Amino acid sequence: MMKTIAIVATGGTIAGTGQHGKTVAYHAGEMDVNELVHSIPMINNIANIECYQLMNVDSNEMKPEYWMSLSTTINELVEQEHIDGIVVTHGTDTFDETAYYLTLTLNTEKPVVLTGAMRPATATSADGPYNLYQAVCLAACQEAYGQGVMGLFSNTIYSGRDIQKVNNYKIDAFDQKSFGCLGYMQDDEVYFFTKTFKKHTYQSQFSKTTYTTLPEVAIAYFYAGASSQILYDLAKYNEGIVIVGSGNGNYSQDWLKAINELSKQGIVFVRASRVSQGIVFDDKVFDPYQYCIGANTLSAQKARVLLMLALTQTKDKKQIGVIFNEY
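The working numbering applies: residue 390 is where the sequence shown begins, and numbers increase by one.
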(Lines of atoms letter the chains of each structure in order from A and count residues from 1; the text may use other names and numbers.)
(Lines give C-alpha, C1' and ligand atoms only; values in the text may rest on other atoms or scores of the structure.)
Protein backbone atom coordinates (compact mmCIF):
# COMPACT_ATOMS: atom_id res chain seq x y z
CA MET A 1 0.00 0.00 0.00
CA MET A 2 1.19 3.51 -0.80
CA LYS A 3 1.74 5.85 2.12
CA THR A 4 -0.25 9.03 2.61
CA ILE A 5 1.71 12.29 2.68
CA ALA A 6 0.14 15.61 3.67
CA ILE A 7 1.53 18.66 1.88
CA VAL A 8 1.12 21.82 3.94
CA ALA A 9 1.70 24.89 1.80
CA THR A 10 2.82 28.26 3.14
CA GLY A 11 3.74 30.05 -0.11
CA GLY A 12 7.19 31.20 -1.15
CA THR A 13 8.98 31.20 -4.50
CA ILE A 14 7.90 27.64 -5.18
CA ALA A 15 4.38 29.08 -5.52
CA GLY A 16 5.57 32.27 -7.22
CA THR A 17 4.54 33.57 -10.63
CA GLY A 18 6.00 36.15 -12.98
CA GLN A 19 6.82 36.74 -16.63
CA HIS A 20 6.84 33.39 -18.41
CA GLY A 21 10.33 31.95 -18.61
CA LYS A 22 11.98 34.60 -16.41
CA THR A 23 13.52 34.01 -12.97
CA VAL A 24 13.32 37.61 -11.73
CA ALA A 25 10.59 40.16 -10.99
CA TYR A 26 8.10 37.58 -9.73
CA HIS A 27 5.60 37.55 -6.87
CA ALA A 28 5.99 34.78 -4.29
CA GLY A 29 3.05 32.84 -2.89
CA GLU A 30 0.50 33.12 -5.71
CA MET A 31 -0.13 29.53 -6.84
CA ASP A 32 -2.37 27.14 -4.96
CA VAL A 33 -0.77 23.94 -3.67
CA ASN A 34 -3.14 21.84 -5.78
CA GLU A 35 -1.76 23.53 -8.90
CA LEU A 36 1.78 22.64 -7.83
CA VAL A 37 0.89 19.01 -7.24
CA HIS A 38 -1.04 18.82 -10.51
CA SER A 39 2.11 19.91 -12.37
CA ILE A 40 3.97 16.79 -11.12
CA PRO A 41 1.96 13.77 -12.35
CA MET A 42 4.59 11.22 -11.21
CA ILE A 43 4.10 12.31 -7.59
CA ASN A 44 0.92 10.23 -7.47
CA ASN A 45 2.98 7.10 -8.10
CA ILE A 46 4.88 7.69 -4.87
CA ALA A 47 2.15 8.40 -2.31
CA ASN A 48 -1.45 9.35 -1.74
CA ILE A 49 -1.37 13.13 -1.47
CA GLU A 50 -3.49 15.33 0.76
CA CYS A 51 -3.09 19.09 0.22
CA TYR A 52 -3.54 21.82 2.83
CA GLN A 53 -3.12 25.50 1.90
CA LEU A 54 -2.38 26.94 5.34
CA MET A 55 -1.19 30.32 4.02
CA ASN A 56 0.33 31.73 0.82
CA VAL A 57 2.97 34.33 1.65
CA ASP A 58 6.47 35.44 0.80
CA SER A 59 8.65 33.95 3.56
CA ASN A 60 9.78 37.45 4.53
CA GLU A 61 6.25 37.84 5.89
CA MET A 62 6.71 34.76 8.12
CA LYS A 63 6.42 35.57 11.82
CA PRO A 64 6.05 33.73 15.14
CA GLU A 65 2.24 33.66 14.87
CA TYR A 66 2.61 31.75 11.60
CA TRP A 67 5.19 29.38 13.11
CA MET A 68 2.79 28.53 15.91
CA SER A 69 -0.09 27.97 13.50
CA LEU A 70 2.06 25.76 11.27
CA SER A 71 3.36 23.71 14.19
CA THR A 72 -0.13 23.23 15.61
CA THR A 73 -1.47 22.18 12.21
CA ILE A 74 1.28 19.62 11.69
CA ASN A 75 0.92 18.22 15.21
CA GLU A 76 -2.79 17.73 14.53
CA LEU A 77 -2.16 16.08 11.16
CA VAL A 78 0.40 13.59 12.44
CA GLU A 79 -2.10 12.47 15.09
CA GLN A 80 -4.19 11.06 12.25
CA GLU A 81 -3.26 7.43 11.87
CA HIS A 82 -3.50 7.40 8.08
CA ILE A 83 -1.01 10.27 7.67
CA ASP A 84 2.50 8.82 7.27
CA GLY A 85 4.53 11.97 6.73
CA ILE A 86 4.42 15.72 6.13
CA VAL A 87 5.89 17.97 3.45
CA VAL A 88 5.93 21.74 3.98
CA THR A 89 6.44 24.13 1.08
CA HIS A 90 8.12 27.35 2.21
CA GLY A 91 10.02 30.35 0.90
CA THR A 92 13.79 30.15 1.13
CA ASP A 93 14.61 33.47 2.83
CA THR A 94 13.42 32.51 6.32
CA PHE A 95 13.32 28.77 5.66
CA ASP A 96 15.97 28.02 8.28
CA GLU A 97 14.09 29.74 11.11
CA THR A 98 10.84 27.90 10.43
CA ALA A 99 12.71 24.60 10.09
CA TYR A 100 14.31 25.07 13.50
CA TYR A 101 11.06 26.15 15.17
CA LEU A 102 9.40 22.99 13.88
CA THR A 103 12.42 20.93 14.95
CA LEU A 104 11.85 22.12 18.51
CA THR A 105 8.04 22.01 18.68
CA LEU A 106 6.78 19.04 16.66
CA ASN A 107 5.87 16.00 18.76
CA THR A 108 6.24 13.18 16.26
CA GLU A 109 8.59 10.55 14.86
CA LYS A 110 6.89 10.77 11.47
CA PRO A 111 9.02 12.39 8.76
CA VAL A 112 8.57 16.13 8.26
CA VAL A 113 10.30 17.59 5.20
CA LEU A 114 10.52 21.24 4.22
CA THR A 115 11.24 22.26 0.65
CA GLY A 116 10.96 25.24 -1.64
CA ALA A 117 12.51 26.76 -4.72
CA MET A 118 14.87 29.46 -5.93
CA ARG A 119 13.02 29.91 -9.22
CA PRO A 120 9.31 30.72 -9.52
CA ALA A 121 6.90 28.19 -10.96
CA THR A 122 6.67 30.16 -14.23
CA ALA A 123 10.44 30.17 -14.86
CA THR A 124 12.19 28.03 -17.45
CA SER A 125 13.60 24.97 -15.64
CA ALA A 126 11.82 25.83 -12.38
CA ASP A 127 13.40 23.86 -9.53
CA GLY A 128 10.29 23.68 -7.35
CA PRO A 129 8.53 20.68 -8.94
CA TYR A 130 11.55 18.39 -8.63
CA ASN A 131 12.26 19.52 -5.05
CA LEU A 132 8.62 18.87 -4.13
CA TYR A 133 8.69 15.46 -5.82
CA GLN A 134 11.81 14.43 -3.90
CA ALA A 135 10.45 15.85 -0.63
CA VAL A 136 7.40 13.58 -0.96
CA CYS A 137 9.69 10.62 -1.73
CA LEU A 138 11.73 11.42 1.37
CA ALA A 139 8.65 11.81 3.60
CA ALA A 140 7.41 8.43 2.36
CA CYS A 141 10.74 6.70 3.08
CA GLN A 142 10.78 4.33 6.05
CA GLU A 143 14.38 5.33 6.93
CA ALA A 144 13.20 8.92 7.43
CA TYR A 145 11.23 7.99 10.56
CA GLY A 146 12.83 9.44 13.69
CA GLN A 147 15.19 11.70 11.74
CA GLY A 148 13.44 14.85 12.91
CA VAL A 149 12.59 17.79 10.69
CA MET A 150 14.53 17.78 7.42
CA GLY A 151 15.10 20.14 4.53
CA LEU A 152 15.30 18.87 0.95
CA PHE A 153 16.95 20.92 -1.77
CA SER A 154 18.79 19.96 -4.95
CA ASN A 155 19.04 16.22 -4.19
CA THR A 156 20.43 16.93 -0.71
CA ILE A 157 18.93 16.16 2.72
CA TYR A 158 19.64 18.57 5.58
CA SER A 159 18.70 18.66 9.27
CA GLY A 160 16.22 21.29 10.40
CA ARG A 161 18.67 22.39 13.09
CA ASP A 162 21.64 23.07 10.86
CA ILE A 163 20.27 23.96 7.43
CA GLN A 164 21.14 27.48 6.34
CA LYS A 165 20.74 29.47 3.15
CA VAL A 166 24.23 30.25 1.86
CA ASN A 167 23.54 31.56 -1.64
CA ASN A 168 20.92 34.05 -2.81
CA TYR A 169 21.27 33.24 -6.52
CA LYS A 170 21.99 29.58 -7.29
CA ILE A 171 19.36 26.86 -7.08
CA ASP A 172 21.75 24.87 -4.84
CA ALA A 173 21.32 27.53 -2.19
CA PHE A 174 21.54 25.62 1.12
CA ASP A 175 24.23 24.01 3.25
CA GLN A 176 24.89 22.81 6.82
CA LYS A 177 28.03 24.79 7.60
CA SER A 178 30.91 22.40 8.35
CA PHE A 179 28.73 19.51 9.53
CA GLY A 180 27.86 18.01 6.17
CA CYS A 181 24.39 16.95 5.10
CA LEU A 182 22.27 14.04 6.37
CA GLY A 183 22.27 12.36 2.98
CA TYR A 184 21.45 12.55 -0.70
CA MET A 185 18.71 11.57 -3.09
CA GLN A 186 18.80 10.27 -6.65
CA ASP A 187 15.37 10.63 -8.18
CA ASP A 188 13.14 8.78 -5.67
CA GLU A 189 15.97 6.90 -3.93
CA VAL A 190 17.04 8.03 -0.43
CA TYR A 191 20.56 7.61 0.93
CA PHE A 192 21.19 8.57 4.57
CA PHE A 193 24.78 8.82 5.79
CA THR A 194 24.48 10.56 9.16
CA LYS A 195 22.01 11.96 11.72
CA THR A 196 21.80 14.83 14.19
CA PHE A 197 22.55 14.04 17.84
CA LYS A 198 20.90 17.18 19.19
CA LYS A 199 17.45 16.81 20.77
CA HIS A 200 14.56 17.32 18.38
CA THR A 201 10.83 16.77 17.78
CA TYR A 202 9.45 14.06 20.11
CA GLN A 203 12.59 14.33 22.31
CA SER A 204 12.21 18.08 22.75
CA GLN A 205 10.94 19.59 25.99
CA PHE A 206 9.16 22.22 23.87
CA SER A 207 7.16 19.74 21.80
CA LYS A 208 4.60 18.90 24.48
CA THR A 209 3.11 22.41 24.60
CA THR A 210 0.81 24.27 22.20
CA TYR A 211 2.04 27.84 21.98
CA THR A 212 -0.19 30.85 21.36
CA THR A 213 2.34 33.56 22.29
CA LEU A 214 6.13 33.75 22.51
CA PRO A 215 8.40 36.16 24.40
CA GLU A 216 9.92 39.00 22.37
CA VAL A 217 13.59 38.49 21.49
CA ALA A 218 15.67 40.82 19.31
CA ILE A 219 18.94 40.49 17.41
CA ALA A 220 21.70 43.13 17.74
CA TYR A 221 24.49 43.17 15.14
CA PHE A 222 27.88 44.34 16.38
CA TYR A 223 30.22 46.21 14.02
CA ALA A 224 33.23 48.46 14.52
CA GLY A 225 32.07 51.57 16.34
CA ALA A 226 28.56 50.24 17.08
CA SER A 227 26.88 52.25 19.84
CA SER A 228 25.72 50.43 22.96
CA GLN A 229 22.55 52.53 22.73
CA ILE A 230 21.35 49.81 20.34
CA LEU A 231 21.17 47.41 23.30
CA TYR A 232 19.44 49.87 25.61
CA ASP A 233 16.82 50.60 22.96
CA LEU A 234 16.15 46.93 22.24
CA ALA A 235 15.91 46.15 25.96
CA LYS A 236 12.86 48.42 26.24
CA TYR A 237 10.73 46.03 24.20
CA ASN A 238 12.37 42.59 24.52
CA GLU A 239 13.00 39.97 27.19
CA GLY A 240 16.07 38.66 25.43
CA ILE A 241 18.72 39.84 22.97
CA VAL A 242 20.91 37.76 20.69
CA ILE A 243 24.18 39.50 19.90
CA VAL A 244 25.77 38.87 16.52
CA GLY A 245 29.32 39.50 17.61
CA SER A 246 32.59 39.50 15.75
CA GLY A 247 34.84 36.44 15.92
CA ASN A 248 33.77 34.31 18.88
CA GLY A 249 30.69 36.47 19.46
CA ASN A 250 32.83 39.39 20.60
CA TYR A 251 32.06 43.09 21.09
CA SER A 252 33.47 46.30 22.56
CA GLN A 253 33.96 47.27 26.20
CA ASP A 254 31.13 49.76 25.72
CA TRP A 255 28.79 46.89 24.80
CA LEU A 256 30.13 44.81 27.69
CA LYS A 257 29.17 47.56 30.13
CA ALA A 258 25.65 47.75 28.68
CA ILE A 259 25.26 43.96 28.76
CA ASN A 260 26.26 43.84 32.42
CA GLU A 261 23.80 46.59 33.35
CA LEU A 262 20.91 45.18 31.37
CA SER A 263 21.50 41.63 32.58
CA LYS A 264 21.02 42.83 36.14
CA GLN A 265 17.65 44.22 35.01
CA GLY A 266 16.58 40.79 33.78
CA ILE A 267 17.44 40.89 30.07
CA VAL A 268 18.80 37.53 28.86
CA PHE A 269 21.69 37.73 26.39
CA VAL A 270 22.99 35.12 23.95
CA ARG A 271 26.28 35.52 22.06
CA ALA A 272 26.31 34.35 18.44
CA SER A 273 28.83 35.16 15.72
CA ARG A 274 28.71 37.01 12.44
CA VAL A 275 31.31 34.49 11.16
CA SER A 276 29.61 31.69 9.23
CA GLN A 277 31.82 28.83 10.46
CA GLY A 278 32.84 27.79 13.97
CA ILE A 279 31.37 27.65 17.46
CA VAL A 280 30.76 30.24 20.18
CA PHE A 281 32.16 29.16 23.55
CA ASP A 282 32.03 30.96 26.89
CA ASP A 283 34.68 33.71 27.02
CA LYS A 284 35.98 35.17 30.31
CA VAL A 285 37.48 38.19 28.54
CA PHE A 286 34.45 39.37 26.59
CA ASP A 287 32.00 38.04 29.18
CA PRO A 288 33.88 38.00 32.52
CA TYR A 289 30.72 37.85 34.64
CA GLN A 290 29.12 35.13 32.52
CA TYR A 291 26.07 37.24 31.70
CA CYS A 292 25.89 35.88 28.16
CA ILE A 293 24.96 32.39 26.95
CA GLY A 294 26.99 30.96 24.10
CA ALA A 295 24.96 30.19 20.96
CA ASN A 296 27.07 27.10 20.31
CA THR A 297 26.88 26.44 16.54
CA LEU A 298 23.52 28.13 16.03
CA SER A 299 23.19 31.13 13.75
CA ALA A 300 21.83 34.27 15.35
CA GLN A 301 18.37 33.79 13.87
CA LYS A 302 18.18 30.22 15.14
CA ALA A 303 19.55 31.23 18.54
CA ARG A 304 16.66 33.70 18.69
CA VAL A 305 14.15 30.91 18.02
CA LEU A 306 15.60 28.76 20.81
CA LEU A 307 15.79 31.66 23.25
CA MET A 308 12.15 32.57 22.62
CA LEU A 309 11.09 29.03 23.48
CA ALA A 310 13.47 28.75 26.43
CA LEU A 311 12.06 31.95 27.93
CA THR A 312 8.60 30.35 28.03
CA GLN A 313 10.00 27.99 30.67
CA THR A 314 12.70 29.86 32.57
CA LYS A 315 14.75 33.06 32.81
CA ASP A 316 17.53 31.35 34.72
CA LYS A 317 20.71 31.78 32.67
CA LYS A 318 22.27 28.52 33.81
CA GLN A 319 19.20 26.54 32.80
CA ILE A 320 19.04 28.32 29.44
CA GLY A 321 22.74 27.58 28.98
CA VAL A 322 22.01 23.89 29.44
CA ILE A 323 19.22 24.14 26.85
CA PHE A 324 21.60 25.72 24.32
CA ASN A 325 24.03 22.84 24.80
CA GLU A 326 21.30 20.21 24.39
CA TYR A 327 19.57 21.71 21.35
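The beta-carbon is built from N, C-alpha and C at its ideal position, and this holds for glycine as well.
The model shown is predicted, which means the values in this text are computed figures rather than measured ones.
Check, Outcome
"CB contact flag (G418, A404, <8 angstroms)", "yes"
"Residue interval of the alpha helix (DSSP H) (run including S617)", "Note, S617: premise wrong, no alpha helix (DSSP H); not H, not E."
"Residue(s) in a DSSP beta bridge with E578", "Q575"
"Sequence-distant residues of its chain with Cβ nearer than 8 angstroms to E715 (five each side left out)", "K587 and K588"
"Cross-strand partners of I429 (DSSP beta bridge)", "None, per the DSSP bridge assignment."
"Per DSSP, cross-strand counterpart(s) of L491", "According to DSSP, L491 bridges with nothing at all."
"Three CB pairs or more closer than 8 angstroms across the stretch 598 to 615 and the stretch 515 to 534", "no"
"Nearest-angstrom Cα separation, counted from Y678 out to K362", "As shown, the chain starts at 390 and ends at 716. That puts residue 362 outside it, with no answer to give."
"C526 vs D577 beta-carbon contact at 8 angstroms", "yes"
"Sub-8 angstroms separation of A488 and I552 beta-carbons", "yes"
"Member of T492, T598 and E470 whose CA lies at the smallest distance from the CA of Y547", "T492"
"Short Cβ contact (8 angstroms threshold) for E628 with L687", "no"
"Candidates N496, M539, T590 and N520, of which the one nearest A506 by Cα", "N520"
"Beta strand (DSSP E) runs contained entirely in the stretch 477 to 547, provided each spans 3 or more residues", "501 to 504 and 538 to 542"
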